[in-house]
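Q: What follows is a single structure, and I will ask about it in a moment.
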Amino acid sequence: MTEPNENVQSQLSAFVDNELPQDETQLLARRLSRDSGLQQSLNRYLLIGEALRSPKQTPVSRNLSSRVAAALEQYNEPQGDTAVVVKPFKAKASWAKTALGMSLAASVAAIAMVAFYGMQSPVNGGADSEVAMNDSSNQLSSAPADSYVVPVATTTPSVPISAARLTNYVVAHSEFTSPLGRRNTMTGLVTGDQQTEAVEETVDTAATGTGK
Amino acid sequence: MMLRLVGAIVFSLIASVAHAESDARNWLVRMSASLTERNYDGRFIHSSDTQSETLRIVHRNVKGGITERLVSLDGSGREYIRTNTKTTYYMPDTRTVVVEDRIDNDGLLTLIPEYRAGLENYYDITMGQETMVLGKRAILVNVQPRDEFRYGYRLWLDMETAMPLKSQLFNHHGKIVEQVAFAELAVKDSIPDADLQTSINTSGYSQLRQEARRHFISPDSIGWRVTNLPPGFKLKVTRLQSMAGSKSPVRHMVYSDGLATVSVFIEPANGKDNQGSGLQRVGSVFAFHSDNSGYQVTAVGEVPPLTVKSIVGSLMRDGANGSSISVSANASAK
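Right under this line is the structure:
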């Protein structure tokens, strides 16, 4: 899997905005059918788009997923068993150009979903019981059912954690790092220097012993 | 006579090395203290393989009351402001402000970093040469990892204040993962309130609040353990905490070798999200997640991918304790 380059990301963004010319759309569709990294980038857009959806924003559009499905159908090449579910998401996609790597924003959105759906922290019990929690992910998943299944190339199963959840983890973790580590960690979030899709391992994996 | 002379020389060499290590460690202690306790205002350039961006950091300490503001100057314009009891994110790109209440547990958090003598088992900590950085006399401190389970640091510390004027994070093979270099840094007697307030006009922004729901619990109650930890890592904290998007309390375990820390988060898999396993990155932080006995387990830390994968790979659930967790507030971990 490779990280889409800037041009492809721009194409993806334009596609999401419904601003990509037809001929380029077909090229992008071909790439999508073959490039798991690009599929994950698209999924990331979709995820953030869903997460950022709020009552103030434009209602969900099914146009994009329809276009993805339609475009990919033209390149119905034999593929493996793995499938990506492309769900509908909002049409107002100005966020898309800035959303790449915005897990912090997605985290905001996850919390936003809690607030918007009126599930804000009813806490049962205190120190002697587990905390009653919210499940905004269930709310996210309760979106309209008309989704599209797009066949993609078979790859090693490697499904990323949602950007929102990853950000929550990193923020919680930052409380337990050194002052220098905390600064570095939070800088990574603020700058959006991140890959929320699965990344290639870059270390020498020959050293697998963990010893004591 | 000759034997005594040789013995004296060996003893002198050992003492010299130990003194040098102690000196270097003392610089690290001073650096951490400065980052926390001093008042400063600076602009720095953060560079990694994938991007470079300028940020401003303003940090104030008034009798232990910390306020810190981090601002992206040439990116999205996002800001985060942290106090002892509250963290606020300003997201101009989404016209949203999120406020998260925090529990003021800085007393517990001083456990990390832990610049103990045993740190040298896992890091080779040495003094480098004096040089000039930002027009100031600086001393280089090298923190070289002895294995592949942790990153190293090169730190150029202001010899007057011990503030890190420049820092590099690198892996076991010496490859730089991330660099932070200050372009301006002013250590001040005081920081005015105005410098710690956002410059973003939040009129019309969505205002969201996430309450703090965290309880420290005993390690025996967490119900999970890592059976084959990377060398030097020890369990420091176990707690339950609420987390947006999570139906159940999230178990949070913190492991540290004294310098690097890794958090392990455990929550029931919801079957729709977070399936399978995978490695992800946020800045210099790697996260690896996997399914385990119906739970989603994720290790997060400013460590190489190998470390988070090793920890997740040897995480075991205690069947006897896993289904029931007794919570005792403020029961700190070891």
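If you're matching them up, the sequences are chains A and B in order. First residue of the first sequence: 1189, per the numbering used here; consecutive thereafter. First residue of the second sequence: 28, per the numbering used here; consecutive thereafter. Even for Gly, the Cβ is constructed at its ideal location relative to N, Cα and C.
Nearest chain A C-beta to V330(B) closer than 8 Å, yes or no?
A: Stepping through the second sequence from its first residue, residue 330(B) is reached at position 303. Not one chain A Cβ lies under 8 Å of V330(B).
Q: So which residues on chain B does V1378(A) lean against when the C-beta distance must stay under 7 Å?
A: Here residue 1378(A) refers to the residue found at position 190 when the first sequence is read from its first residue. Chain B residues near V1378(A): L82, L97, S99, R105 and Y107.
Q: Mind checking whether R252(B) and D345(B) have CB atoms under 8 Å apart?
A: As a working note, residue 252(B) is residue 225 in the second sequence. As a working note, residue 345(B) is residue 318 in the second sequence. Cβ atoms of R252(B) and D345(B): closer than 8 Å.
Q: So which residues on chain A does V362(B) lean against when the C-beta distance must stay under 7 Å?
A: Here chain B has residues from 28 to 361 only, and residue 362(B) is not among them.
Q: From the DSSP output, in three-state form, read off V253(B) for me.
A: Here residue 253(B) is taken as the residue at index 226 of the second sequence, counted from 1. Strand, per DSSP.
Q: Please classify D1211(A): is it buried, with 16 or more other beta-carbons within 10 angstroms of its beta-carbon, or exposed?
A: Locating residue 1211(A) in the first sequence gives position 23, counting from the first residue. Exposed: under 16 other Cβ atoms inside 10 Å.
Q: Where does K274(B) fall in DSSP's three states?
A: Residue 274(B) sits at position 247 when you count from the first residue of the second sequence. DSSP places K274(B) in coil when its eight states are reduced to three.
Q: List the residues of chain A whose Cβ lies closer than 7 Å to the Cβ of F292(B), in chain order.
A: Along the second sequence, one-based indexing puts residue 292(B) at 265. Y1357, listed in chain order.
Q: Does the distance between the C-beta of I338(B) and the nearest non-hydrogen atom of the ligand SAH fall short of 7 Å?
A: Among the components modelled here there is no ligand, and therefore nothing to report on the ligand SAH.
Q: Leaving aside the five residues before and after R143(B) along the sequence, list all residues of the same chain whose C-beta is less than 8 Å from its C-beta, in chain order.
A: In the second sequence, the residue the question calls residue 143(B) occupies position 116. Correct list, in chain order: G285.
Q: Pick from A287(B), R278(B), Q268(B) and S61(B): whose alpha carbon is nearest that of K261(B)?
A: Here residue 261(B) corresponds to residue number 234 of the second sequence, with the count starting at 1. Nearest of A287(B), R278(B), Q268(B) and S61(B) to K261(B), Cα basis: A287(B).
Q: With a threshold of 8 Å between beta-carbons, can E205(B) be considered close to chain A, or not?
A: Here residue 205(B) corresponds to residue number 178 of the second sequence, with the count starting at 1. Yes, its Cβ sits closer than 8 Å to a Cβ of chain A.
Q: Kindly indicate which three-state DSSP category P1348(A) falls into: helix, strand or coil?
A: Here residue 1348(A) refers to the residue found at position 160 of the first sequence. Reduced to three states, the DSSP call for P1348(A) is coil.
Q: Residues of the stretch 251-277 of chain B in Cβ contact with chain A at a cutoff of 9 Å, in chain order, please.
A: Against chain A - using a Cβ distance shorter than 9 Å - the residues of the stretch 251-277 of chain B are N255, L256, P257, P258, K263, V264, L267, Q268, S269, M270, A271, G272, S273, K274, S275, P276 and V277.
Q: Would you grab the beta carbon distance between N1356(A) and A271(B) for me? Rounded to a whole angstrom, and I think it's under 8 Å.
A: For the purposes of this step, residue 1356(A) is taken as residue 168 along the first sequence, with counting starting at 1. For the purposes of this step, residue 271(B) is taken as residue 244 along the second sequence, with counting starting at 1. That belief holds up - the Cβ atoms of N1356(A) and A271(B) are roughly 6 Å apart, short of 8 Å.
Q: So which residues on chain A does T63(B) lean against when the C-beta distance must stay under 7 Å?
A: As a working note, residue 63(B) is residue 36 in the second sequence. Within 7 Å Cβ-Cβ: P1367.
Q: Quick one: give me the first and last residue of the beta strand (DSSP E) that T94(B) is part of.
A: Walking along the second sequence from the start, residue 94(B) turns up at place 67. That run of the beta strand (DSSP E) goes G92 to S99.
Q: Between S245(B), G305(B) and Q156(B), which lies nearest to R278(B) when the distance is taken from Cα to Cα?
A: Taking the first residue of the second sequence as 1, we reach residue 278(B) at position 251. Considering only alpha carbons, the answer is S245(B).
Q: Please state the DSSP three-state secondary structure of D318(B).
A: The count along the second sequence starts at 1 and reaches residue 318(B) at position 291. D318(B) falls in the strand class under three-state DSSP.
Q: Can you tell me whether M280(B) is helix, strand or coil according to DSSP?
A: Along the second sequence, read from residue 1 onward, the residue named residue 280(B) stands at position 253. If DSSP states are grouped into helix, strand and coil, M280(B) belongs with the strands.
Q: Report the neighbours of L1354(A) on chain B: residues whose CB is nearer than 7 Å to its CB, in chain order.
A: Position 166 of the first sequence, counting from 1, holds the residue named residue 1354(A). The answer, in chain order, is Q307, V309 and A314.
Q: Residues of chain A with CB under 8 Å from L363(B), in chain order?
A: No answer is possible for residue 363(B): it lies beyond the span of chain B, which begins at 28 and ends at 361.
Q: Spatial neighbours of E127(B) within its chain, please: C-beta separation below 6 Å, excluding the five flanking residues on both sides.
A: Start at 1 with the first residue of the second sequence, and residue 127(B) comes out as number 100. Closer than 6 Å at Cβ, skipping near neighbours: T114 and Q237.
Q: Is the stretch 331-340 of chain B touching the stretch 169-183 of chain B, taking contact as three or more C-beta pairs under 8 Å?
A: A contact exists between the stretch 331-340 of chain B and the stretch 169-183 of chain B.
Q: If we count the other Cβ atoms within 10 Å of its Cβ and call it buried at 16 or more, is G201(B) buried or exposed?
A: As a working note, residue 201(B) is residue 174 in the second sequence. By the 10 Å Cβ count, G201(B) comes out exposed.
Q: Find out if the Cβ-Cβ distance for the pair R109(B), Y117(B) is shorter than 8 Å.
A: Locating residue 109(B) in the second sequence gives position 82, counting from the first residue. Locating residue 117(B) in the second sequence gives position 90, counting from the first residue. No. Outside cutoff.
Q: Examine the Cβ distances between the stretch 222-237 of chain B and the stretch 306-321 of chain B and report whether three or more of them are shorter than 8 Å.
A: No, they do not touch.
Q: If you reduce the DSSP assignment to three classes, tell me which class E1212(A) lands in.
A: Mapped onto the first sequence, residue 1212(A) falls at position 24. DSSP places E1212(A) in helix when its eight states are reduced to three.
Q: For N198(B), which of V324(B), R52(B), F313(B) and G340(B) has the nearest alpha-carbon?
A: Here the question's residue 198(B) lines up with position 171 in the second sequence. Measuring from the Cα of N198(B), the nearest candidate turns out to be F313(B).
Q: Could you name the residues of chain B that T1213(A) contacts, counting a contact when the two beta carbons are closer than 8 Å?
A: To locate residue 1213(A), count along the first sequence from 1; it is residue 25. Those within 8 Å of T1213(A) in chain B number zero; the least Cβ separation is about 26 Å.
Q: So for S74(B), helix, strand or coil by DSSP?
A: As a position in the second sequence, residue 74(B) is number 47, starting the count at 1. Strand.
Q: Could you please give the first and the last residue of the uninterrupted alpha helix (DSSP H) stretch that includes S337(B)?
A: Walking along the second sequence from the start, residue 337(B) turns up at place 310. Taken as a continuous stretch (DSSP letters only), the alpha helix (DSSP H) holding S337(B) covers P332 to G340.
Q: Alpha carbon to alpha carbon, how far is F324(B) from A1352(A)?
A: The count along the second sequence starts at 1 and reaches residue 324(B) at position 297. The count along the first sequence starts at 1 and reaches residue 1352(A) at position 164. In the sequence under discussion, the amino acid at residue 324(B) is Val, which differs from the Phe named in the question. Whole-angstrom Cα-Cα distance: 16 Å.
Q: Can you give me the C-alpha to C-alpha distance between G310(B) and L196(B), rounded to a whole angstrom?
A: As a position in the second sequence, residue 310(B) is number 283, starting the count at 1. As a position in the second sequence, residue 196(B) is number 169, starting the count at 1. Each residue's alpha carbon lies about 11 Å from the other.
Q: Beta-carbon of L286(B) versus every beta-carbon of chain A: anything under 8 Å?
A: Position 259 of the second sequence, counted from the first residue, corresponds to residue 286(B). Yes, L286(B) counts as interfacial toward chain A.
Q: Under 9 Å between beta-carbons, which chain A residues line up against V214(B)? List them in chain order, please.
A: In the second sequence, the residue the question calls residue 214(B) occupies position 187. The contacting residues do not exist; V214(B) stays about 15 Å from chain A at best.
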